[in-house]
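Using our numbering, the letters of the first sequence correspond one by one to residues 42 to 469.
What follows is a short report on a single structure.
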Amino acid sequence: MPPADDVFRAPKGVHDVLPPESARWVDLVARFARRVRRAGYGMVVSPLFEHVEVFERVGEHTDVVAKEMYAFTDKGGRQLALRPEGTAGVVRAYVQHHPTPPWKVWYVAPNFRYERAQKGRYRQHWQVGVEVLGTDDPGADVEVIALLDGFYRDLGLTGVKLLLNSMGDAESRPGYVAALREHLLAHADALGDEFRARVHANPLRVLDAKVEDWQDVIERAPQLTEHLSEASRVHFELVQEGLQALGIDYELAPRLVRGFDYYTSTTFEFQTAALDAAQNAIGGGGRYDGLAEQMGGAPTPGIGFGAGIERVMLALDAQGDAPMLGGLDVFLVDGLGAPGGTESLVLVELLREAGFAADRAFGGRSVKAQWKAADRAGARFGVMLGRDEAARDAVAVKDLFSGEQVEVPRTGLVAWLQARTAGEETTA
RNA sequence: GUGGCCGUAGCUCAGUUGGCUAGAGCGCCGGGUUGUGGUCCCGGAGGUCGGGGGUUCGAAACCCCUCGGUCACCCCA
Numbered sequence: 042m043p044p045a046d047d048v049f050r051a052p053k054g055v056h057d058v059l060p061p062e063s064a065r066w067v068d069l070v071a072r073f074a075r076r077v078r079r080a081g082y083g084m085v086v087s088p089l090f091e092h093v094e095v096f097e098r099v100g101e102h103t104d105v106v107a108k109e110m111y112a113f114t115d116k117g118g119r120q121l122a123l124r125p126e127g128t129a130g131v132v133r134a135y136v137q138h139h140p141t142p143p144w145k146v147w148y149v150a151p152n153f154r155y156e157r158a159q160k161g162r163y164r165q166h167w168q169v170g171v172e173v174l175g176t177d178d179p180g181a182d183v184e185v186i187a188l189l190d191g192f193y194r195d196l197g198l199t200g201v202k203l204l205l206n207s208m209g210d211a212e213s214r215p216g217y218v219a220a221l222r223e224h225l226l227a228h229a230d231a232l233g234d235e236f237r238a239r240v241h242a243n244p245l246r247v248l249d250a251k252v253e254d255w256q257d258v259i260e261r262a263p264q265l266t267e268h269l270s271e272a273s274r275v276h277f278e279l280v281q282e283g284l285q286a287l288g289i290d291y292e293l294a295p296r297l298v299r300g301f302d303y304y305t306s307t308t309f310e311f312q313t314a315a316l317d318a319a320q321n322a323i324g325g326g327g328r329y330d331g332l333a334e335q336m337g338g339a340p341t342p343g344i345g346f347g348a349g350i351e352r353v354m355l356a357l358d359a360q361g362d363a364p365m366l367g368g369l370d371v372f373l374v375d376g377l378g379a380p381g382g383t384e385s386l387v388l389v390e391l392l393r394e395a396g397f398a399a400d401r402a403f404g405g406r407s408v409k410a411q412w413k414a415a416d417r418a419g420a421r422f423g424v425m426l427g428r429d430e431a432a433r434d435a436v437a438v439k440d441l442f443s444g445e446q447v448e449v450p451r452t453g454l455v456a457w458l459q460a461r462t463a464g465e466e467t468t469a
């Protein structure tokens with residue numbers, strides 16, 4: 042057991058999200074929710090953990106399953122695992138509840154992977170994502186990609202590149218994999234045991250390897266898109282037509298295979314130039330037309346994506362976006378000095394009920410300190426309950442941007458603030 | 001899981017070949033202003049030097065272990 046000093050801090054590879062940075066976190070999720078709701082998606086909240094078999098359908102030879110899963114046995118002897126990615130649980134829910142297709146859902150949820158942390162890679166990370174089950178219409182592929190593209194635009198994220206590929210369908214895949222394996226094995230003797238092992242486990246996973254010595258062989262490998270079945274080829278073309286019609290730029294990436302075995306047909310990944318770190322993928326996804334069937338459901342096509350919140354925020358940081366301020370409309374200064382400050386308590390609640398973001402100081406601090414707190418809170422107005430004004434049943438209202446101050450009757454305060462902030466952006 | 005670099009106040013960092021009571025800036029709290037912020041001046045609080053062990057008359061500094069961070073690999077959001 043680690044010493045106590047190491048216990049009362051976040052475990053390795055995980056972190057807290059605190060104000061003020063968390064304001065951007067909230068804003069990001071809100072923008073995502075707004076965009077997907079406009080496209081007819083409903084929210085799905087699936088469990089944080091599932092039977093381990095659910096995630097094994099992601100691919101037993103993938104790193105995510107083979108070496109990064111937070112698996113455990115519960116007190117009933119069940120083999121469970123914390124969700125390592127978003128799609129499997131949603132598909133499991135679809136199979137279990139058989140909703141009417143097409144089923145269009147979105148989520149925001151944490152994922153867990155036991156891996157060595159570095160910038161943009163954590164043991165718990167959050168993703169927003171969507172899944173569309175029950176249609177193989179290429180229009181669904183385009184819609185999903187357009188949603189993610191639009192989300193990045195909503196955030197003002199620049200330097201984003203869309204990589205697009207097709208993994209082929211059940212008909213085209215075996216022939217391609219055989220051709221690829223043959224090509225790779227022809228060079229296996231020169232490239233060592235690890236290369237050979239990868240080829241045997243899953244030749245597709247060799248395609249996006251970064252090992253320098255392998256690049257020459259990978260360059261000359263047969264390409265997926267040259268082995269597509271007629272149906273897959275047409276589907277891929279229609280997806281590209283749709284993206285072009287929407288003015289979404291993309292780049293064909295024949296060696297983009299991504300990390301999960303379930304992908305078929307369309308796969309895509311958004312990369313940012315803002316992070317020149319190794320972790321430049323800020324979102325990605327694709328089709329998984331066989332996954333529901335593998336979970337015991339009826340054959341059901343599906344497509345979706347996940348986008349990493351932490352990485353998107355890192356990209357925003359890198360392009361110099363300052364975290365948003367949670368500015369207040371009003372900060373209340375209590376100049377009466379009555380114990381408990383009941384009058385300011387009542388007034389600040391009145392302002393909040395009226396829809397203003399209003400706050401006040403605790404602990405009977407000096408008037409000077411309260412004004413300072415008002416400034417630090419980024420408040421638009423300071424409202425002071427003072428003895429002089431109280432005698433006239435009024436309050437002093439100071440515009441903290443301009444510095445001008447006026448006296449306003451207490452009963453007219455809400456109306457006065459509403460008039461003054463008309464046209465300005467408030468929380469009201 | 002493998003390898004490199006790094007851990008001193010809330011934050012960013014200084015701290016000489018091992019030697020006084022471990023410092024600075026910013027931030028925070030208070031005062032200057034009997035009721036007015038953002039500027040300025042004065043004062044104050046805040047540190048198991050990541051943790052444990054060792055070497056030494058003496059360790060923030062040197063050695064070992066450990067925890068954490070960071071970067072790269074593997075791979076991914």
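Ideal Cβ positions, reconstructed from N, Cα and C, are used throughout, including at glycine.
Run of the beta strand (DSSP E) containing residue i, from where it starts to where it stops
i	result
Val171	165 to 174
Tyr193	Per DSSP, Tyr193 belongs to no beta strand (DSSP E); it is in the alpha helix (DSSP H), 179 to 195.
Phe422	422 to 426
Thr305	305 to 313
Leu204	201 to 207
Residue i versus residue j - alpha carbon distance
i	j	result
Glu437	Ala402	Per the sequence presented here, residue 437 reads as Ala, with Glu not at that position. Using only the alpha carbons, I get a separation of about 17 Å.
Gly161	Ala322	9 Å
Gln281	Pro125	30 Å
Leu287	Ala74	21 Å
Ala359	Ala315	6 Å
Arg78	Met354	22 Å
Tyr193	Leu357	10 Å
Leu377	Asp434	13 Å
Glu109	Gly300	12 Å
Leu369	Glu101	51 Å
Val171	Ser407	51 Å
Thr452	Leu69	38 Å
Gly324	Ala220	30 Å
Ala420	Phe397	11 Å
Pro450	Ala431	9 Å
Gln274	Gly118	Sequence check: residue 274 is Arg here, not Gln. One C-alpha to the other measures close to 47 Å.
Asp190	Pro140	27 Å
Phe96	Asp230	34 Å
Val67	Thr128	23 Å
Cβ neighbour criterion (16 or more within 10 Å) applied to residue i
i	result
Pro61	exposed
Arg157	exposed
Asn105	For the record, residue 105 in the displayed sequence is Val; it is not Asn. So Val105 counts as buried.
Phe90	buried
Ala456	exposed
Thr313	buried
Phe113	exposed
Thr383	exposed
Pro52	exposed
His268	buried
Leu198	buried
Phe49	exposed
Asp57	exposed
Ala211	exposed
His92	exposed
Arg261	exposed
Val55	exposed
Val389	buried
Asp302	buried
Own chain, CB closer than 7 Å to residue i, minus 5 neighbours either side, in chain order
i	result
Asp177	Asp330, Pro342
Gly423	Phe372, Val374, Trp412, Ala415, Lys439, Leu441
Tyr111	Ala122, Leu123, Phe153, Tyr155
Val447	Val438
Gly427	Gly376, Ala437
Opening and closing residue of the alpha helix (DSSP H) in which residue i lies
i	result
Tyr148	Element bounds for Tyr148: not the alpha helix (DSSP H) but the beta strand (DSSP E), 144 to 153.
Asp400	Element bounds for Asp400: not the alpha helix (DSSP H) but the beta strand (DSSP E), 399 to 401.
Pro215	214 to 226
Asp234	229 to 242
Lys439	It is not in any alpha helix (DSSP H) - Lys439 instead sits in the beta strand (DSSP E) that spans 435 to 440.
Ala80	Counting along the chain, Ala80 falls outside any alpha helix (DSSP H), and DSSP gives it neither H nor E.
Distance cut-off 7 Å: residue i Cβ against heavy atoms of the ligand GTP
i	result
Val132	Among the ligands in the structure shown, none appear at all, so the ligand GTP cannot be discussed.
Close-in-space but distant-in-sequence residues of the same chain around residue i (CB under 8 Å, 5 per side omitted)
i	result
Val258	His224, Leu225, His228, Leu232
Tyr304	Met208, Val298, Gly327, Arg328, Tyr329
Ala418	Gly368, Leu369, Phe372, Asp400
Ser270	Gly209, Asp210, Glu212, Ser213
Sequence-distant residues of the same chain with beta carbon closer than 6 Å to residue i, five excluded per side
i	result
Leu392	Val371, Ala399
**OP:** For the stretch 131 to 149 and the stretch 75 to 84, state whether three or more C-beta atom pairs, one from each stretch, are separated by less than 8 Å.
**Re:** By the Cβ rule, the stretch 131 to 149 counts as touching the stretch 75 to 84, because three or more pairs are nearer than 8 Å.
**OP:** Answer yes if the stretch 335 to 349 comes into contact with the stretch 129 to 137, meaning at least three C-beta pairs across the two stretches below 8 Å, and no otherwise.
**Re:** The stretch 129 to 137 makes contact with the stretch 335 to 349, as at least three CB pairs between them are under 8 Å.
**OP:** Would you check if there are 3 or more beta carbon pairs closer than 8 Å linking the stretch 165 to 183 to the stretch 264 to 282?
**Re:** Touching, yes, given that three or more Cβ pairs across the two stretches are closer than 8 Å.
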